[in-house]
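Numbered continuously in our numbering, the sequence shown closes out at residue 232.
Virtual Cβ for every residue (Gly too), placed ideally from N, Cα, C.
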Amino acid sequence: MTSQTFDQFLHTQSKEPLRVIDTAITIDRFIKIDLTENNKDLLNFDVSSSKEWMKYITSYLKQRVSDVAFGGYLEKRNLYDRSKYFKDLENNNQRNIHLGIDLWCDENTKVLAVMDGVVHSFKNNNNYGDYGPTIILKHQIDHQEFYTLYGHLSISSINKLIIGTKFSQGDTIGYLGDSKVNGDYAPHLHFQIIRDLADYMGDYPGVCSEKNIELFKKNCPDPNLLLKLKNS
Numbered sequence: 001m002t003s004q005t006f007d008q009f010l011h012t013q014s015k016e017p018l019r020v021i022d023t024a025i026t027i028d029r030f031i032k033i034d035l036t037e038n039n040k041d042l043l044n045f046d047v048s049s050s051k052e053w054m055k056y057i058t059s060y061l062k063q064r065v066s067d068v069a070f071g072g073y074l075e076k077r078n079l080y081d082r083s084k085y086f087k088d089l090e091n092n093n094q095r096n097i098h099l100g101i102d103l104w105c106d107e108n109t110k111v112l113a114v115m116d117g118v119v120h121s122f123k124n125n126n127n128y129g130d131y132g133p134t135i136i137l138k139h140q141i142d143h144q145e146f147y148t149l150y151g152h153l154s155i156s157s158i159n160k161l162i163i164g165t166k167f168s169q170g171d172t173i174g175y176l177g178d179s180k181v182n183g184d185y186a187p188h189l190h191f192q193i194i195r196d197l198a199d200y201m202g203d204y205p206g207v208c209s210e211k212n213i214e215l216f217k218k219n220c221p222d223p224n225l226l227l228k229l230k231n232s
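What follows is the structure, encoded as structure tokens:
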């Protein structure tokens with residue numbers, strides 16, 4: 001199946017937005033956010049500080065009477081400059097293009113299975129700036145196999161998790177972690193779709209370099225094909 005055909009397959013799975021965080025937060029409380037260099041607000045605080053990020057996100061949501069700030073697919077972000085984890089110094093190759101959608105909201109927010117699936121793997125990716133606790137679900141729908149990744153969770157989300165556990169669409173699979181465990185970010189969910197997981201277990205690149213963007217774009221389609229978030 002071509003990437004274009006697979007995109008259409010994802011889009012037609014539901015006419016309504018599919019949910020990945022607590023459904024008690026209504027869609028009208030979601031607001032889009034731009035974290036590229038075009039957002040001049042990012043020049044006004046220390047983007048290497050999770051505390052400053054939390055202040056910014058909290059203020060951003062309050063000003064817009066919203067509960068969730070979302071966005072980020074294929075965004076080129078300077079915020080990754082803070083961590084060596086995103087730099088390949090030998091090849092002068094900076095990973096700064098985001099491959100999922102982020103949903104910025106309160107810690108301990110429920111994280112939901114976007115579709116029926118089973119736990120493929122999970123892991124605490126505890127590099128500075130990494131995902132922290134992460135769950136990957138495997139989906140088999142209409143003979144199509146693919147994966148969804150849920151990053152920046154709480155430790156409790158994976159403590160008693162078992163590979164092969166089945167989740168139905170909308171089931172709670174975990175909760176958002178705080179900056180102490182989520183890679184040192186303001187609380188948020190990184191949600192990503194992956195066609196071919198290769199040999200990864202509990203992890204997959206969520207950020208790539210411009211050099212590799214075409215490869216990753218085909219393997220990691222826009223999560224908004226399922227989430228259908230349209231706020232602008």
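Where the beta strand (DSSP E) containing residue i begins and where it ends
i: residue 70; result: 68 to 71
i: residue 107; result: From DSSP, residue 107 is part of no beta strand (DSSP E); its letter is neither H nor E.
i: residue 274; result: Residue numbering for the chain in the displayed model covers 1 to 232; residue 274 lies beyond these limits and cannot be assessed.
Coil, strand or helix - residue i by DSSP
i: residue 63; result: helix
i: residue 138; result: strand
i: residue 143; result: coil
i: residue 160; result: coil
i: residue 18; result: coil
i: residue 58; result: helix
i: residue 11; result: helix
i: residue 42; result: helix
i: residue 232; result: Confidence in residue 232 is poor, its pLDDT being 45 and thus under 50, which makes the residue's placement unreliable; the coordinate value appears in the next sentence. DSSP places residue 232 in coil when its eight states are reduced to three.
i: residue 82; result: With a pLDDT of only 46 at residue 82, under 50, the local geometry of the prediction cannot be trusted, and no value is derived from it.
Minimum Cβ-Cβ distance from residue i to chain C less than 8 angstroms
i: residue 222; result: Of the protein chains in the structure, only one exists, and it is not chain C.
Beta-bridge pairing of residue i - partner residues as DSSP gives them
i: residue 31; result: 69
i: residue 150; result: 135, 191
i: residue 101; result: 191
i: residue 76; result: 97
*Touching or not, the segment 26 to 34 and the segment 57 to 74, by the rule of three or more beta carbon pairs under 8 angstroms?*
yes
*Which ranges does the alpha helix (DSSP H) cover as unbroken runs of at least 4 residues, wholly within the segment 165 to 229, from first to last along the chain?*
213 to 219, 224 to 227
*asked:* Count Cβ pairs between the segment 212 to 219 and the segment 133 to 150 that sit closer than 8 angstroms; are there 3 or more?
replied: no
*Can at least three beta-carbon pairs, one atom from the segment 93 to 102 and one from the segment 110 to 128, be found at a separation below 8 angstroms?*
no
*Touching or not, the segment 171 to 180 and the segment 192 to 205, by the rule of three or more beta carbon pairs under 8 angstroms?*
no
*Inspect the CB distances between the segment 39 to 47 and the segment 206 to 216 and report whether three or more fall short of 8 angstroms.*
no
*Do three or more CB pairs link the segment 147 to 161 to the segment 43 to 59 at distances below 8 angstroms?*
no
*Do the segment 156 to 175 and the segment 221 to 229 meet, that is, are 3 or more Cβ pairs less than 8 angstroms apart?*
no
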